[in-house]
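Scroll down for the structure; my scribbles are underneath it.
Residue numbers (my numbering): 223 to 681.
Written out as structure tokens, the structure is:
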């Protein structure tokens with residue numbers, strides 16, 4: 223193999239490891255950067271919640287009762303006076319609309335935003351509220367679902383024990399197992415099992431005569447790889463691309479192993495040759511009665527866990543809560559950072575906008591100002607424009623607002639924040655993921671039944 227091919231294979235391997243980590247999606251329940259969300263029933267007294275937070279040493283938090291006008295202007299300025307006189311104007315609707323940040327989608331719970339460094343104190347606060355019979359919760363209370371990566375790891379170890387080429391399979395199994403650790407979802411675990419089984423097949427017929435044509439002509443491996451890719455995308459677009467990278471990483475392992483194997487063999491005076499052709503060798507290492515049931519069992523466990531998770535989601539009141547988030551389902555009910563920019567612009571430009579001007583989309587103004595100087599009347603222009611420079615200024619001034627503002631929570635996400643709704647449930651499984659998991663299990667069952675029937679006909 224040429225030198226550049228060796229270098230490319232090594233670079234692909236390293237890049238795949240990096241990108242699998244970079245694209246990881248961990249469902250830990252936390253849906254805001256730098257903040258946790260405490261939710262309590264709307265009937266709960268605000269003073270009771272604040273008392274519990276303060277007694278738990280949570281000194282800074284963002285609450286509805288702690289919100290004021292988010293504008294860095296003198297209260298007696300013309301801008302504020304006009305705002306008060308025209309408060310019901312649609313161009314100032316952001317000020318009322320931002321209240322949606324402090325309620326869940328159905329309006330049953332009131333929300334408090336607590337900085338992440340109060341995490342341990344927040345758990346104590348939840349405990350105190352619970353002692354007062356207040357049904358509350360925290361969005362970041364979900365733990366990492368270790369059982370899914372462990373299913374993948376256990377199956378990989380089992381296949382490693384039965385593999386005819388343990389070194390090759392062990393190296394190629396690295397990516398499927400890593401994939402689940404970085405994307406602990408039910409469908410991702412199914413994807414990992416299918417790819418592990420494919421790698422197991424390849425390692426058992428490796429470098430036997432006609433092994434490439436045999437693998438390509440066998441329906442099982444291409445079908446499992448395709449289903450593996452679809453399983454990744456059934457979780458999310460990011461997980462899907464991570465799954466493609468996982469498969470690319472496995473491919474780079476086989477290429478690098480082939481390079482290393484060829485180099486070692488070139489140093490030997492004698493190299494044994496396999497007598498049996500690839501099609502004469504069992505892809506299952508003659509352990510199909512163990513390997514396939516184990517694969518089916520692993521996916522069946524995922525199905526059981528999906529059903530259990532769905533059951534508790536349907537029967538646990540808190541799992542149905544949809545709260546404002548920086549990710550999830552985009553909602554027009556929750557204001558975006560652009561809405562805030564427009565609000566500040568409308569406030570600051572109001573004194574310079576003609577009362578006869580009915581178009582609310584004005585993005586600039588120019589107002590003449592006259593100054594008497596050295597016996598001469600000079601004209602100046604007061605100008606303003608709602609451009610990127612103005613938006614950056616507004617973004618920077620959020621930090622000097624004299625209260626714990628919801629705008630500071632928005633700013634902690636990104637400059638172009640958009641409002642979403644997301645569930646507080648630990649692991650959300652969509653219908654498409656469930657269908658793919660069932661299809662994966664049926665494919666493996668079909669393979670197992672086919673093998674049993676073929677062996678029965680041969681007797």
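Here a beta-carbon is modelled for each residue, glycine too, at the ideal position from N, C-alpha and C.
Here the structure is a predicted model, which means the values were calculated and not measured.
By Cβ distance, which residues of its chain are closer than 6 Å to residue 682, with the 5 residues on each side in sequence left out?
-> There is no way to answer for residue 682, as the model of the chain reaches only from 223 to 681.
Alpha carbon to alpha carbon, what distance is there between residue 462 and residue 452?
-> Locating residue 452 in the chain shown gives position 230, where the first residue counts as 1. Locating residue 462 in the chain shown gives position 240, where the first residue counts as 1. Approximately 7 Å, taken between the alpha carbons.
Measure the alpha-carbon distance for residue 559 versus residue 410 and round it to whole angstroms.
-> In the chain shown, residue 559 corresponds to position 337, counting from 1. In the chain shown, residue 410 corresponds to position 188, counting from 1. When rounded, the separation of the alpha-carbon atoms in residue 559 and residue 410 is 34 Å.
Name, in chain order, the residues that DSSP records as bridge partners for residue 254.
-> As a first step, residue 254 is located in the chain shown; it is residue number 32 there, counting from the start. Its beta-bridge partners are 257.
Three or more C-beta pairs closer than 8 Å, one from the region 432-439 and one from the region 404-418: is that the case here?
-> Under the Cβ criterion (8 Å, minimum of three pairs), the region 432-439 does not count as touching the region 404-418.
Check whether the region 266-284 touches the region 334-345, taking contact to mean three or more Cβ pairs, one atom from each stretch, closer than 8 Å.
-> The region 266-284 makes contact with the region 334-345, as at least three CB pairs between them are under 8 Å.
Examine the ligand FAD and report whether any of its heavy atoms sits within less than 8 Å of the Cβ of residue 383.
-> For the structure depicted, the ligand FAD is absent and the ligand set is empty, with no information on it obtainable.
Whole angstroms is fine: what's the gap from residue 258's alpha carbon to residue 284's?
-> Sequence index remark: in the chain shown, residue 258 carries index 36 (1-based). Sequence index remark: in the chain shown, residue 284 carries index 62 (1-based). Here the C-alpha atom of residue 258 lies approximately 11 Å from the C-alpha atom of residue 284.
Residue 593 in three-state terms, based on DSSP = Within the chain shown, the letter at position 371 stands for residue 593. Assignment of residue 593 by DSSP, reduced to helix, strand and coil, places it in the strand class.
With DSSP as the reference, please indicate the residues paired to residue 544 in a beta bridge.
-> Counting from 1 along the chain shown, the entry for residue 544 is found at position 322. Looking at the DSSP assignment, residue 544 forms a beta bridge with 645.
With DSSP collapsed to three states, give me the class of residue 538.
-> Here the question's residue 538 lines up with position 316 in the chain shown. At residue 538 the pLDDT is 47, less than 50, meaning the model places this residue with poor confidence; the figure from the coordinates comes in the next sentence. Secondary structure at residue 538: coil, using DSSP grouped into helix, strand and coil.
Confirm, please, whether the CB-CB distance from residue 399 to residue 371 is below 9 Å.
-> As a working mapping, residue 371 is identified with position 149 in the chain shown. As a working mapping, residue 399 is identified with position 177 in the chain shown. For residue 371 and residue 399, yes; Cβs fall inside 9 Å.
Per DSSP, residue 359 is paired with what?
-> Residue 359 sits at position 137 when you count from the first residue of the chain shown. DSSP output for residue 359 lists 261 as bridge partner(s).
Taking residue 548 and residue 254 to be in contact with their CB atoms under 8 Å, please state how far apart those CB atoms are, rounded to whole angstroms.
-> For the purposes of this step, residue 548 is taken as the residue at position 326 of the chain shown. For the purposes of this step, residue 254 is taken as the residue at position 32 of the chain shown. With a Cβ gap of about 6 Å, residue 548 and residue 254 count as contacting.
Contact between the region 305-312 and the region 226-242 (3+ Cβ pairs under 8 Å) = Not touching, per the Cβ criterion.
When 662, 670, 671, 672 are compared against residue 445, the one with the closest alpha-carbon = On the chain shown, position 223 is the one that residue 445 refers to. Per the Cα distances, 662.
Quick one: what's got a C-beta closer than 7 Å to residue 405's C-beta in the same chain, skipping five residues either side?
-> Along the chain shown, one-based indexing puts residue 405 at 183. These residues qualify, in order along the chain: 246, 247, 457, 461, 464.
Could you spell out the range, first to last residue, of the beta strand (DSSP E) harbouring residue 333?
-> Sequence index remark: in the chain shown, residue 333 carries index 111 (1-based). Element bounds for residue 333: 331-337.
Classify residue 556 as helix, strand or coil using the three-state DSSP reduction.
-> Counting from 1 along the chain shown, the entry for residue 556 is found at position 334. Residue 556 sits in coil when the DSSP states are folded into three classes, being neither helix nor strand.
Put residue 293 into one of helix, strand or coil per three-state DSSP.
-> Residue mapping note: residue 293 aligns to position 71 of the chain shown, counting from 1. Correct three-state label for residue 293: coil.
Roughly how many whole angstroms lie between the Cα atoms of residue 487 and residue 524?
-> Working through the chain shown from its first residue, we reach residue 487 at position 265. Working through the chain shown from its first residue, we reach residue 524 at position 302. In a straight line, the C-alpha of residue 487 is about 43 Å away from that of residue 524.
Which word fits residue 292, buried or exposed, when buried means at least 16 other C-beta atoms lie within 10 angstroms of its C-beta?
-> Translated into positions along the chain shown, residue 292 becomes position 70. In summary, residue 292 is buried, with 16 or more beta-carbon neighbours lying within 10 Å of its beta-carbon over all protein chains present.
Does the region 512-529 come close enough to the region 606-618 that 3 or more CB-CB pairs lie under 8 Å?
-> Too few Cβ pairs lie closer than 8 Å, so no.
Simplified DSSP state of residue 314, which is helix, strand or coil = Position 92 of the chain shown, counted from the first residue, corresponds to residue 314. Correct three-state label for residue 314: helix.
Straight-line Cα distance separating residue 441 from residue 664 | The residue you call residue 664 lines up with position 442 of the chain shown. The residue you call residue 441 lines up with position 219 of the chain shown. Rounded to whole angstroms, residue 664 to residue 441 spans 15 Å at the Cα level.
Grab the span of the alpha helix (DSSP H) containing residue 475 for me, first residue to last.
-> As a working mapping, residue 475 is identified with position 253 in the chain shown. Run containing residue 475: 459-488, per the alpha helix (DSSP H) assignment.
Quick one, are the C-beta atoms of residue 242 and residue 397 less than 9 Å apart?
-> Your numbering for residue 242 matches position 20 in the chain shown. Your numbering for residue 397 matches position 175 in the chain shown. Yes, Cβ-Cβ distance for residue 242 and residue 397 is below 9 Å.
Helix, strand or coil for residue 385, going by three-state DSSP, please let me know.
-> Indexing the chain shown from 1 puts residue 385 at position 163. DSSP places residue 385 in coil when its eight states are reduced to three.
Spell out the partners DSSP gives residue 325 in its beta bridges.
-> Stepping through the chain shown from its first residue, residue 325 is reached at position 103. According to DSSP, residue 325 bridges with 332.
Which residue comes first and which comes last in the alpha helix (DSSP H) that contains residue 639?
-> For this step, residue 639 is matched to residue 417 along the chain shown. No alpha helix (DSSP H) contains residue 639, which DSSP labels as neither H nor E.
Is the number of C-beta pairs between the region 380-387 and the region 631-639 that are closer than 8 Å three or more?
-> Result no; under three Cβ-Cβ pairs closer than 8 Å.
Can the beta-carbon of residue 645 be found closer than 9 Å to that of residue 407?
-> As a working mapping, residue 645 is identified with position 423 in the chain shown. As a working mapping, residue 407 is identified with position 185 in the chain shown. Cβ distance not < 9 Å, so residue 645 and residue 407 don't count as in contact.
Near residue 471, what residues of its chain come up, given a Cβ to Cβ distance below 6 Å and the 5 sequence neighbours on each side ignored?
-> Numbered from its first residue, the chain shown carries residue 471 at position 249. Beyond the five residues adjoining it in sequence on each side, residue 471 comes within less than 6 Å, by CB distance, of 238, 397 in the same chain, given in chain order.
Same chain, Cβ closer than 6 Å to residue 569, five either side skipped, listed in chain order | Translated into positions along the chain shown, residue 569 becomes position 347. If the five residues before and after residue 569 are omitted, its C-beta is found closer than 6 Å to the C-beta atoms of 293, 301, 305, all from its own chain and listed in chain order.
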